[in-house]
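So in our numbering the end of the sequence shown lands on 1127, straight run, no missing numbers.
Note that the Cβ used here is the ideal one computed from N, Cα and C, for glycine as well.
Report on the structure given below.
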Amino acid sequence: TRARREISPQHAMSVAHSSAMSALAAPRYHASRTRRVSRPRVACASSSSASNADDVAQTPKAAVTSRRAALARAVALGAILRADDARAIGFQKELKKRGPMSDDAYARTAEFEFRGERHEGVKYVEISEGKGKPLEVGALATLHFECKYRGLTVLSTREARTLGGNRTISEPFQFKYGTLPNEFTKAAKRKNIIGIGAEVRIDPELQELYVVKCVFNGPADRAGIKPNDVVVSIDGVGDLVNKPIQEIGALLVGDVDTEVELKIKKGGSRAGADAPIETYKLKREVTAVAAPKREIQVDGGGGLFTGGSGPKPPPLVYVPEALAGMNVGGRRSFKCPADVGYEDVGEGEIPPGADFVFEVELLDAVLK
């Protein structure tokens, strides 16, 4: 009676590997070079001699079959033991989740004051936990940020400045963390005007009256008029490029709820000679126009703000509750709503009133 013994998965894998290697080391016989050995035609040849001749003739084929069988056994055994053997030596790998995260993955910041009103907080998710020192109130924070709109990175301090040869350099943003700047403690300054909510200008080279920008959610914006569209006529008055800009302004403004008709060439001459001309009938209304852009006032609670030559960060970066709990080296992603983003003004390729993704990486925090 043979004694049974337990064979570990590692030992079985080793035996299978050795068998496979031995089979591979066996001599190889090419079919075309196999020599057939015929049966002896002597009548008195014993049966044992004939049997030995058959064995000699079939030896190459048997060797090939034996080698293939050993390889098949090794592969099968490896497939059976692969998962257990991988777990035994610690090769466990988790696949990273891809695609948009579910809302359950997001947390919400604490409520905060912004523009004189109470804000419910902003959704965020930790991309990576920082291992460095924590961000404390009063520290000089150095960070990189990116703004992504519709899946594309449209603003980034990692490509803040363009050099010759299309080279770019990063320019981290610095500010004193802990207190909201005075500019964002008060309601935004707006000037009310009556009109269609569009700014127009004459292009002296192309000889066109084109739309510079539209007020967010104003009559022109809601109708679908876009920057670079060309105004062909206003209430039937054409040849606008030869009229003073004051006269053109008088044609656009008027009493509330009065109607004005515009003929617009979509895209202007830049869109080609075949660009369509569409007619719009708009009602004049009171629209709030944002004040001209200016640098953030740093006196009184603002602290130090640098990186002015790089992209302009959204106001959310200054909100203490947004970056609370971060450590140096950490990365955090926000679903930034327009009211704490670029509001009704927009920035670069982010249009007015648009929500976007705002990502922050804390590079350093120096408490002075």
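>> Checking 8 Å against the spacing of the C-beta atoms, do residue 1092 and residue 881 come in under that value?
In response: Mapped onto the sequence shown, residue 1092 falls at position 333. Mapped onto the sequence shown, residue 881 falls at position 122. Residue 881 sits away from residue 1092, with the two beta carbons spaced by 8 Å or more.
> Quick one: what's got a C-beta closer than 8 Å to residue 1016's C-beta in the same chain, skipping five residues either side?
Replying inline: Looking up residue 1016 in the sequence shown gives position 257. Only 1042, 1043, 1044 meet the Cβ criterion.
> residue 1124 to residue 898, Cα distance in whole Å?
Replying inline: Walking along the sequence shown from the start, residue 1124 turns up at place 365. Walking along the sequence shown from the start, residue 898 turns up at place 139. Roughly 6 Å separates the two Cα atoms.
> Secondary structure at residue 937, three-state DSSP: helix, strand or coil?
Replying inline: Against the sequence shown, residue 937 aligns to sequence position 178. Correct three-state label for residue 937: coil.
> Taking residue 975 as the reference, which of 828, 1127, 1111, 1119 has the closest Cα?
Replying inline: Your numbering for residue 975 matches position 216 in the sequence shown. 1111 is the residue among 828, 1127, 1111, 1119 whose C-alpha sits nearest the C-alpha of residue 975.
> Residue ranges of each alpha helix (DSSP H) run of no fewer than 4 residues wholly in the region 926-995, ordered along the chain?
Replying inline: List check, alpha helix (DSSP H) in window: 978-982.
> Can you list the beta strand (DSSP E) stretches of 3 or more residues lying completely in the region 865-900, in chain order?
Replying inline: Contiguous beta strand (DSSP E) elements confined to the region 865-900 occur at 871-873, 876-878, 882-887, taking only those with 3 or more residues.
> Are the Cβ atoms of residue 1079 and residue 956 separated by less than 8 Å?
Replying inline: Your numbering for residue 1079 matches position 320 in the sequence shown. Your numbering for residue 956 matches position 197 in the sequence shown. Cβ distance not < 8 Å, so residue 1079 and residue 956 don't count as in contact.
> Can you name the residues that DSSP bridges to residue 915?
Replying inline: To locate residue 915, count along the sequence shown from 1; it is residue 156. Residue 915 is bridged to 905.
>> My output table needs one value for residue 1049: the three-state DSSP class, helix, strand or coil.
In response: Numbered from 1 along the sequence shown, position 290 holds the residue referred to as residue 1049. Correct three-state label for residue 1049: strand.
>> So if DSSP puts residue 1036 in a beta bridge, which residue, or which two residues, is it bridged to?
In response: Sequence index remark: in the sequence shown, residue 1036 carries index 277 (1-based). Residue 1036 is bridged to 1024.
> If we count the other Cβ atoms within 10 Å of its Cβ and call it buried at 16 or more, is residue 978 buried or exposed?
Replying inline: In the sequence shown, the residue the question calls residue 978 occupies position 219. Around the beta carbon of residue 978, 16 or more other beta carbons lie within 10 angstroms, which makes this residue buried.
> residue 940: buried (16+ other C-beta within 10 angstroms of its C-beta) or exposed?
Replying inline: Taking the sequence shown and counting its residues from 1, the one referred to as residue 940 is at position 181. Flag for residue 940 reads buried.
>> Which residues does DSSP list as the beta-bridge partners of residue 1123?
In response: Here residue 1123 corresponds to residue number 364 of the sequence shown, with the count starting at 1. Paired residues: 901.
>> Taking DSSP's pairing of strands, which residues face residue 1172 in a bridge?
In response: No statement about residue 1172 is possible, as the shown extent of the chain runs from 760 to 1127 and does not include it.
> Starting from residue 999 and walking both ways along the alpha helix (DSSP H), at which residues does that stretch end?
Replying inline: If you number the sequence shown from 1, residue 999 lands on position 240. Segment: none, residue 999 is in no alpha helix (DSSP H) and carries neither H nor E.
> For the alpha helix (DSSP H) that residue 1082 lies in, which residues bound it at each end?
Replying inline: The sequence position of residue 1082 within the sequence shown is 323, counting from 1. DSSP places residue 1082 inside the alpha helix (DSSP H), whose first and last residues are 1079-1082.
> Using the C-alpha atoms, what's the distance from residue 1025 back to residue 1031?
Replying inline: Counting from 1 along the sequence shown, the entry for residue 1031 is found at position 272. Counting from 1 along the sequence shown, the entry for residue 1025 is found at position 266. When the Cα atoms are used, residue 1031 and residue 1025 turn out to be separated by approximately 10 Å.
>> Using 8 Å as the threshold, is the C-beta distance between residue 1121 and residue 1084 below it?
In response: For the purposes of this step, residue 1121 is taken as the residue at position 362 of the sequence shown. For the purposes of this step, residue 1084 is taken as the residue at position 325 of the sequence shown. If you check the CB distance, residue 1121 and residue 1084 do not come in under 8 Å.
> What did DSSP end up calling residue 1006 once you bin it into helix, strand or coil?
Replying inline: Mapped onto the sequence shown, residue 1006 falls at position 247. Three-state DSSP puts residue 1006 in a helix.
> Just how far apart, CA to CA, sit residue 1077 and residue 983?
Replying inline: As a first step, residue 1077 must be located in the sequence shown, where it is residue number 318. As a first step, residue 983 must be located in the sequence shown, where it is residue number 224. For residue 1077 and residue 983, the distance between alpha carbons rounds to 34 Å.
> Going straight from the alpha carbon of residue 1027 to that of residue 946, what length do you get?
Replying inline: Here residue 1027 corresponds to residue number 268 of the sequence shown, with the count starting at 1. Here residue 946 corresponds to residue number 187 of the sequence shown, with the count starting at 1. One C-alpha to the other measures close to 37 Å.
> So, using beta-carbon positions, are residue 753 and residue 1006 closer together than 8 Å?
Replying inline: Because the chain here runs from 760 to 1127, residue 753 falls outside it and cannot be looked at.
> Anyone know if the C-beta pair for residue 914 and residue 905 falls short of 8 Å?
Replying inline: Within the sequence shown, the letter at position 155 stands for residue 914. Within the sequence shown, the letter at position 146 stands for residue 905. Against a cut-off of 8 Å, the Cβ pair of residue 905 and residue 914 comes out as a contact.
> Looking only at its own chain, which residues have a Cβ that is under 6 Å from the Cβ of residue 1074, when we skip the five neighbours before and after it?
Replying inline: Position 315 of the sequence shown, counted from the first residue, corresponds to residue 1074. So the list reads 943, 1099, once near-sequence residues are dropped.
> If you compare alpha carbons, which of 1023, 1037, 828, 886 is closest to residue 1118?
Replying inline: Counting from one through the sequence shown, the residue named residue 1118 turns up at place 359. Selected option, being the one with the closest Cα: 886.
> Looking only at its own chain, which residues have a Cβ that is under 7 Å from the Cβ of residue 1107, when we skip the five neighbours before and after it?
Replying inline: Translated into the one-based positions of the sequence shown, residue 1107 becomes position 348. Cβ contact annotation for residue 1107 (same chain, cutoff 7 Å, sequence separation greater than five): 913, 914, in chain order.
>> Please classify residue 999 as buried or exposed, where buried requires at least 16 neighbouring CB atoms within 10 angstroms.
In response: For this step, residue 999 is matched to residue 240 along the sequence shown. When all chains shown are included, residue 999 counts as buried.
> Going by beta carbon distance, what residues of the same chain come within less than 7 Å of residue 889, once the five residues before and after it are set aside?
Replying inline: Counted from its first residue, the sequence shown places residue 889 at position 130. So the qualifying residues of the chain are 1085, 1086, 1087, 1088, 1089, 1121.
> Whole-angstrom Cβ separation of residue 1137 and residue 1048, contact assumed at under 8 Å?
Replying inline: Limits of the chain in this structure are 760 at one end and 1127 at the other, which puts residue 1137 out of reach.
> Going by Cα to Cα distance, which pick from 959, 985, 895 is closest to residue 1008?
Replying inline: By one-based count along the sequence shown, residue 1008 stands at place 249. Minimum Cα-Cα distance from residue 1008 among the listed residues 959, 985, 895 corresponds to 959.
>> Which of the three DSSP states is assigned to residue 1019 in this structure?
In response: By 1-based counting over the sequence shown, the position of residue 1019 is 260. Under the three-state reduction of DSSP, residue 1019 is assigned to strand.
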